[in-house]
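Step one of this worksheet: look at the structure below.
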Amino acid sequence: MSAPPSDSQPASRAVPSSVDVVVVGAGFSGMYLLHKLREMNLSAVAFEAGTDVGGTWYWNRYPGARVDVESLAYSYSFSEDLEQEYEWQERYPTQPEILRYARHVADRFDLRRDIFFRTRVNAAAYDEQGRTWRVRTEHGDAVTARFLVMATGCLSASKLPEIPGLDRFAGATYHTAHWPHEGVDFTGLRVGIIGTGSSGVQSIPVIAEQAAQLTVFQRTPAYSLPARNRRLRPDEIAAMKANYRTFRQAQKESGFGVPTPIPTKSALEVSDEERDATFERAWESGSLVNLLTAYADLSIDQAANDTAKRFIHRKIHQIVEDPRTAADLCPEYPVGTKRPCLDTGYYETYNRENVHLVNLRRTPIVEITERGIRTSDQAYEFDVIVYATGFDAMTGALTSVDIRGRGGAPLDEAWSAGPRTYLGISSAGYPNLFMITGPGSPSVLSNMVVSIEQHVDWVTDAIAYLDHQGLTTIEPTQEAEDAWVDHVNLIADATLYPKANSWYMGANVPGKPQVFMPYAGGVGEYRKTCDEIAAQGYKGFALSV
Ligand SMILES: Cc1cc2nc3c(=O)[nH]c(=O)nc-3n(C[C@H](O)[C@H](O)[C@H](O)COP(=O)(O)OP(=O)(O)OC[C@H]3O[C@@H](n4cnc5c(N)ncnc54)[C@H](O)[C@@H]3O)c2cc1C
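Numbering (my numbering), first residue to last: 3 to 547.
Okay, here's the thing in structure tokens:
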């Protein structure tokens, strides 16, 4: 497997022995957090495994990598000057453009001076007497902090497939989440790619244009809409900049962190013609949210959802010329219950002569061999294998750190039956430990920059409250956590989400408990709840002096 740039060398500066706050991760979450903590005159350091800021957009450099929320919405709102001065180029920017934005933010707010790059945090233990966290890095440094904030990302612990012989292949292998910074030239090569989630759907059309042959190994097909990406027009940028405050407020109150009209009609109460016309408009708009919110009952009623499913199946059959390939590309689970994708020419790619789809439900992979991939009916030879196999989502980056709370209790054991949090922000038994967009919060079901800013604001407000009140610790009560976990499950069970074997459910990681992890009640509702809890003196939390 080709490695990302070296992340094993120690940083040259000395790590301070003690700070107010340790931040783990320097993606969008860690960066904003550091900025906020500085504004509060708190001392803070961030540790980041990569060599620069950007998180997701630093690591995922695979060809075709793009955001699927529009740039003018997938951006920080905390600084009006930043909003006004930054010039986004595209409707759905590519990874390099988003990374450029992250770097711009780091420069503009001088963030790097408190970030230790190439530094993975291995362990953190709570000292009950000192009421501090002792955080250890891979280089053997240790720092003591009053607060520990895990800004480690929901999609940052990458996942290889569990296939025998992974190390046997003699050619080059790449994981989409650890793409070499210098890029990969596929010209003239025979390429096999495993995985058809977002990273696969985005990279397959681009790799197909270069490779001599591209064989796609698909276990579960994705629902994908054409992104209809384009350059932004000066007039729409100007209009957004003139209206940003209203737009940001609407984002905060919306269901997905993207303002859309709230649907009132059922998909089942309108005529077939009206419904098709609505879905067609969503398809043409290049917006996932327009599809997911086309009718009020798409996410909760199977029959309603089936109407969207049939519409997309029809589209796939219209685009893909070979009927058997088209049928293999049609998902059976309800639309939206696995992360849907936005693509540029994805289904069209299967009309190319050099692209071949292997349906692993019919012919599963048996092993990786020295020369390629062997399925139950055929051996395929490749020069390169690409793993677009995603992440140990939402919990992977948290449980891979040896986090010990009260009584030395390991977090991964406390979560052995699935993650347990209060608000997706903190966990009983782990005082003064916060998670940004943790399991039990809207996180991956939202425009994540909106959810990140909300959590950073809430966490820093909580720290300010403690300091102002002369308090030292905050920790959810067991009762509040149990009630929140029940609430999250109740909402999930009222939707179709649990019907798919998705990474939302942990289904892509063998042995991981199958629990629907994000909060599905919507960004606006969730924010209200968090604000009310804070306004009631942090109801459900035990605060102590
Ligand atoms: C391919 C891809 C496409 C996406 N597209 C969208 C989209 O269209 N819209 C959307 O809203 N969201 C999208 N996301 C989700 C995206 O992760 C968030 O939008 C956002 O970038 C998360 O920021 P973050 O800072 O919370 O986490 P990350 O960006 O994941 O950053 C976390 C950082 O923590 C570091 N880290 C983790 N563990 C440790 C440790 N133990 N020690 C030191 N450092 C550590 C990692 O190296 C990483 O840099 C996408 C994610 C992926 C992977």
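Glycine residues also receive a C-beta, built at the ideal position from the N, C-alpha and C atoms. None of the values given here were measured: they were computed from a predicted structure.
Proximity of the segment 338-358 to the segment 172-181 falls short of the contact definition, fewer than three beta-carbon pairs being nearer than 8 Å. Looking only at I206, A240 and R120, the smallest Cα-Cα distance to R15 is reached by R120.
For the options A298, H37 and Y348, the alpha carbon positioned closest to that of P263 is the one of A298. Per DSSP, Y176 lies in no alpha helix (DSSP H); the unbroken beta strand (DSSP E) holding it starts and ends at A174 to H177. In this structure, N231 has its CB at a distance of at least 7 Å from all heavy atoms of ligand 1. When rounded, the separation of the alpha-carbon atoms in D484 and A125 is 26 Å.
Here the C-alpha atom of T217 lies approximately 10 Å from the C-alpha atom of V388. Taking a C-beta distance under 8 Å as the contact criterion, A46 and L39 qualify as a contact pair.
If you compare the alpha carbons of I314, D308 and Q304 with that of R283, the shortest gap goes to I314.
In the pairwise beta carbon analysis, the segment 368-380 is classified as not touching the segment 229-244: fewer than three pairs are separated by under 8 Å. For V547, the number of other beta carbons within 10 angstroms of its own is below 16, and it is reported as exposed.
Within the same chain, Cβ atoms closer than 7 Å to the Cβ of V458 are found at S31, Y34, L35, K38 and I438, the five residues on either side in sequence being excluded. For ligand 1, no non-hydrogen atom lies closer than 7 Å to the CB of A411. Sequence-distant Cβ neighbours of G407 in its own chain, meaning closer than 6 Å and more than five residues away, are Y128, G431 and Y432. Here E455 carries a helix assignment [DSSP, helix/strand/coil].
When the alpha-carbon of I493 is set against those of G523, P512 and I370, the nearest one is in G523. In this model, S79 and N449 are separated by some 13 Å (Cα to Cα).
Per DSSP, the unbroken alpha helix (DSSP H) holding I239 starts and ends at P236 to E255.
The three-state reading of DSSP puts C156 in coil, since its state is none of H, G, I, E or B. Note on geometry: alpha-carbon atoms of Y499 and G472 lie some 43 Å from one another. One thing to note: F436 has its Cβ no nearer than 8 Å to the Cβ of S158. About 11 Å separates the CB atoms of V25 and V145; that is not less than 8 Å, and the two are not in contact. In summary, A229 is buried, with 16 or more beta-carbon neighbours lying within 10 Å of its beta-carbon over all protein chains present. Rounded to the nearest angstrom, the gap between the Cα atoms of Y424 and W90 is 36 Å. At a threshold of 7 Å, D459 does not count as near ligand 1, since its beta carbon sits no closer than that to any of the ligand's heavy atoms. Of the heavy atoms belonging to ligand 1, none sits nearer than 7 Å to the Cβ of L150. Beta-carbon to beta-carbon, W505 and G442 are separated by about 16 Å, too far to satisfy the 8 Å threshold.
Residue side-chain check: S79 keeps its Cβ at 7 Å or more from all non-hydrogen atoms of ligand 1. Annotation for I370: I165, G167, L168, R170 and F171 place their beta carbon closer than 6 Å to its own, counting only its chain and skipping 5 residues before and after. Judged by beta-carbon spacing, T397 lies within the 8 Å limit of P421, meaning their Cβ atoms are closer than that value.
Not one heavy atom of ligand 1 falls within 7 Å of the beta-carbon of D404. Here the C-alpha atom of A502 lies approximately 7 Å from the C-alpha atom of P336. Counting other Cβ atoms within 10 Å of its Cβ, E455 reaches 16 or more and is therefore classed as buried.
For T351, the enclosing alpha helix (DSSP H) starts and ends at Y348 to T351.
Within its own chain, the residues whose Cβ lies closer than 6 Å to the Cβ of V490, once the five positions on either side in sequence are excluded, are G442 and Y521, listed in chain order.
Rounded to the nearest angstrom, the gap between the Cα atoms of A108 and S77 is 14 Å.
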